[in-house]
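A quick write-up on the structure given underneath.
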Amino acid sequence: MKDSLFRLLSTAAFAALFVSGFNGVLLASEAAETVHAVPAVHHLPPVWTVLPFAVLLLMIATGPLFYHHFWERHYPKISVGLGGAVAIYYGFFMDHGTHALLHTLEEYISFIALIASLFIASGGILIKIEQRGRPLLNAGLLFFGSILADVIGTTGASMLLIRPYMRINEGRLQPFHIVFFIFLVSNIGGGLTPIGDPPLFLGFLKGVPFFWILSEVWHIWLVTVLVILGIFVVLDMRAGKGTMPAELEGRISGGVTITGARSFLYLGVVIVAVFLDPAVIEGFPSLQEMLHVPFGIREVIMFAVAFLAYRTADKEAMRGNEFNFEPIKEVAFLFIGIFSTMIPALDLIGAYAESHAAEFSVSRFYWMTGALSGVLDNAPTYLNFLAGSMGKFGSDIGSVEAVRGFASGMPSPIEGDVPSDVYLLAISVAAVFFGAMTYIGNAPNFMVKNIAEQADTEVPGFVEYVYKYSLPVLVPVFAVIWFIFFNY
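Here the sequence shown stands for residues -19 to 468, where the numbers follow the numbering used here.
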């Protein structure tokens, strides 16, 4: 287990060596730069450079289904290999390509630091709900998880609740139980605060007021969650009572017990660390500037929390959760490939959004942001389209005051068009909600899937997840949201 932790915490370091080896003489100002909507390259990559991402996406979809043993053994090599091909091209053949690689590396390290620390800290907390799963109880737990996602993030809420959710439904657990958990707790639930989901946090760093999204989207969020919960309750009622495992007989007391509660302190430290950023706290020290490294104090704290949370975790809680590093290992390796191979796609999308922003309506921003957030990392997708929409209004995403003005509702320079805050709202809702469309739309999706599979729960494959659940359930709901709120 200690070896597994070492391999996990060294994944980011491996990525750092892998990517930063292309350029060790970048200026400190470049190393310290935060996320940019449109990468600083003098020319766009050729379209064929998107091929590695398409291949990786195809293999993620088909590997577990058609060549399971090969995929299980070799997916780290495949992911790193495809990502490496893109990194080599950018490192040697793209103007300022090393800048894009370094920025992607910074994003990846921040990403893996956050999800690893939340995953390990929550693994030390064993929650036992001494009740039998039934439709209204399950719906209540999913609703609670959706709210909790806005407090400790979708990753934290997912890792904390997926195991007790599966336990109370043991003997009646079906694929849709896992899918709707991903829909609500791992994605849509996090749509109310910058803590909830990465795109909203990046918007906050750029200047969107912290409580803006809560005040603007709460009614959309609430209706969406309730509608999806209604569909879930109907399916859960049809699932019946199932077969109660013998070990649960006579133990349904109705209470809730928590083992390893001290690990909540680690979760709190992680949430506080999220805000330890020079863009949030003026004058906060930046390791990128001082030491020319692709991470900051925030990431150091998060990795330290991951290490300490594991070493000091309640052993009974760990055993009760059947804790192991396989879910985070899968996410860590697959997202090395995803982060690297999607660089050309984001470059092309960002350039297109910037050059065609004047032609984009609210509807187009909503659907394009949503569709791409389902298969690309939704955080840079959000920033690309936010930059494009601000360009339409003559504003610059690099200015905090301009972003705040954009969120306050600037009048459009185009006659008959809607104010700027409607564009921001459409992009924000789409980036978060559509992350539920596929397993790769958001990191917790993969982690929940892996935990469920380890518990011998039937989980739909990548393609089945899309055609059986997200297309028939989510797309109609998202279409109604568009028709009512963003049909401009």
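Idealized CB from N, CA, C, for every residue including glycine.
Residues that DSSP places opposite T237 in a beta bridge
The residue you call residue 237 lines up with position 257 of the sequence shown. Paired residue(s): K108.
Tell me whether V460 sits in a helix, a strand or coil according to DSSP, three-state version.
Indexing the sequence shown from 1 puts residue 460 at position 480. Correct three-state label for V460: helix.
Could you compute how far the alpha carbon of L314 sits from the alpha carbon of P178?
The residue you call residue 314 lines up with position 334 of the sequence shown. The residue you call residue 178 lines up with position 198 of the sequence shown. Each residue's Cα considered, the two are about 18 angstroms apart.
With H, G and I counted as helix, E and B as strand and the rest as coil, what does DSSP make of E310?
By 1-based counting over the sequence shown, the position of residue 310 is 330. E310: helix per DSSP, three-state reduction.
Say yes only if the C-beta of R53 is nearer than 7 angstroms to one or more non-hydrogen atoms of the ligand SAM, and no if none qualify.
Of the ligands one can find in the structure shown there are none, so the ligand SAM has no counterpart to examine.
What is the DSSP secondary structure of I148, counted as helix, strand or coil?
For the purposes of this step, residue 148 is identified with residue 168 of the sequence shown, where counting begins at 1. Note: I148 maps to helix in three-state DSSP.
How far does the alpha helix (DSSP H) with P399 in it extend, from its first residue to its last?
One-based indexing of the sequence shown puts residue 399 at position 419. That residue, P399, is in no alpha helix (DSSP H); it is neither H nor E in DSSP.
What do you get for V214, buried or exposed, if any count of 16 or more other CB atoms within 10 angstroms of its CB means buried?
As a working mapping, residue 214 is identified with position 234 in the sequence shown. Answer is exposed; the Cβ neighbour count stays below 16.
Rounding to the nearest angstrom, what Cα-Cα distance links P189 and E381 in this structure?
Taking the first residue of the sequence shown as 1, we reach residue 189 at position 209. Taking the first residue of the sequence shown as 1, we reach residue 381 at position 401. Cα to Cα, the separation comes out at about 11 angstroms.
In angstroms with no decimal places, state the Cα-to-Cα distance between I461 and A293.
Position 481 of the sequence shown, counting from 1, holds the residue named residue 461. Position 313 of the sequence shown, counting from 1, holds the residue named residue 293. I461 and A293: Cα-Cα distance of roughly 43 angstroms.
So, for M322: in the same chain, excluding its five sequence neighbours on each side, which residues have a beta-carbon less than 7 angstroms away from its beta-carbon?
Against the sequence shown, residue 322 aligns to sequence position 342. Only residues of its own chain outside the window of five on either side were considered, and among them F33, L356, D357 have a CB closer than 7 angstroms to the CB of M322, listed in chain order.
Contact belief for E306 with N422 at Cβ below 8 angstroms, rounded distance in angstroms:
Working through the sequence shown from its first residue, we reach residue 306 at position 326. Working through the sequence shown from its first residue, we reach residue 422 at position 442. Not really, about 19 angstroms apart at Cβ, beyond 8 angstroms.
Output yes or no for whether 8 angstroms exceeds the beta carbon distance between V197 and L172.
The residue labelled residue 197 in the question sits at position 217 within the sequence shown. The residue labelled residue 172 in the question sits at position 192 within the sequence shown. Yes, the Cβ-Cβ distance between V197 and L172 is below 8 angstroms.
With DSSP run on the structure shown, which of helix, strand or coil describes G136?
Within the sequence shown, the letter at position 156 stands for residue 136. G136 falls in the helix class under three-state DSSP.
What does a CB cutoff of less than 7 angstroms around T239 pick up in its chain, not counting 5 residues either side in sequence?
Taking the first residue of the sequence shown as position 1, residue 239 is located at position 259. Counting only Cβ-Cβ distances below 7 angstroms, and skipping sequence neighbours, we find L106, D294, E296, A297, G300.
Would A119 and G169 be called neighbours here (beta carbons separated by less than 8 angstroms)?
Walking along the sequence shown from the start, residue 119 turns up at place 139. Walking along the sequence shown from the start, residue 169 turns up at place 189. No, Cβ-Cβ distance for A119 and G169 is not below 8 angstroms.
Hey, out of V27, T29, L82, V35, whose CA is closest to S59's CA?
The sequence position of residue 59 within the sequence shown is 79, counting from 1. The residue with the shortest Cα to Cα distance from S59 is V35.
Look at V428 and F161 and say whether their C-beta atoms are less than 8 angstroms apart.
Locating residue 428 in the sequence shown gives position 448, where the first residue counts as 1. Locating residue 161 in the sequence shown gives position 181, where the first residue counts as 1. Yes; because the gap between Cβ atoms is below 8 angstroms, this pair is in contact.
Please classify M139 as buried or exposed, where buried requires at least 16 neighbouring CB atoms within 10 angstroms.
Counting from one through the sequence shown, the residue named residue 139 turns up at place 159. With a 10 Å radius around the Cβ and a threshold of 16 neighbouring Cβ atoms, M139 comes out buried.
By a C-beta neighbour count over all protein chains shown, 10 Å radius and 16 as the cutoff for buried, is Q268 buried or exposed?
Start at 1 with the first residue of the sequence shown, and residue 268 comes out as number 288. So Q268 counts as buried.
One question on the structure: do A432 and I158 come within less than 8 angstroms of each other, judged by their Cβ atoms?
Position 452 of the sequence shown, counted from the start, is the residue given in the question as residue 432. Position 178 of the sequence shown, counted from the start, is the residue given in the question as residue 158. Yes, the Cβ-Cβ distance between A432 and I158 is below 8 angstroms.
Output the distance between the C-alpha atoms of G263 and L164, rounded to the nearest integer angstrom.
Numbered from 1 along the sequence shown, position 283 holds the residue referred to as residue 263. Numbered from 1 along the sequence shown, position 184 holds the residue referred to as residue 164. Roughly 37 angstroms separates the two Cα atoms.
Does A435 come out as helix, strand or coil in the three-state DSSP assignment?
The count along the sequence shown starts at 1 and reaches residue 435 at position 455. Residue state, collapsed to three classes: coil.
Where the alpha helix (DSSP H) through I394 begins and ends
Here residue 394 refers to the residue found at position 414 when the sequence shown is read from its first residue. Premise fails: I394 is in no alpha helix (DSSP H) and is neither H nor E.
Short of 6 angstroms in beta carbon distance, which residues of its chain neighbour S450, apart from the five on each side in sequence? Order them along the chain.
As a first step, residue 450 must be located in the sequence shown, where it is residue number 470. Within the same chain, S450 has close Cβ partners M417.
Is the distance from the Cβ of L182 to the Cβ of L363 below 8 angstroms?
Locating residue 182 in the sequence shown gives position 202, where the first residue counts as 1. Locating residue 363 in the sequence shown gives position 383, where the first residue counts as 1. Yes, they are a contact pair.
Where V260 and M217 are concerned, what is the direct C-alpha to C-alpha distance, given to the nearest angstrom?
Position 280 of the sequence shown holds residue 260. Position 237 of the sequence shown holds residue 217. Roughly 46 angstroms separates the two Cα atoms.
I318 versus F91, M370, H23, L180, residue with shortest Cα-Cα distance
Within the sequence shown, numbered from 1, the residue matching residue 318 stands at position 338. Cα-wise, what sits closest to I318 is F91.
Should R471 and K221 be called a contact, given that it needs their Cβ atoms to be closer than 8 angstroms?
Outside the displayed span of the chain (-19 to 468) sits residue 471, for which this structure offers no information.
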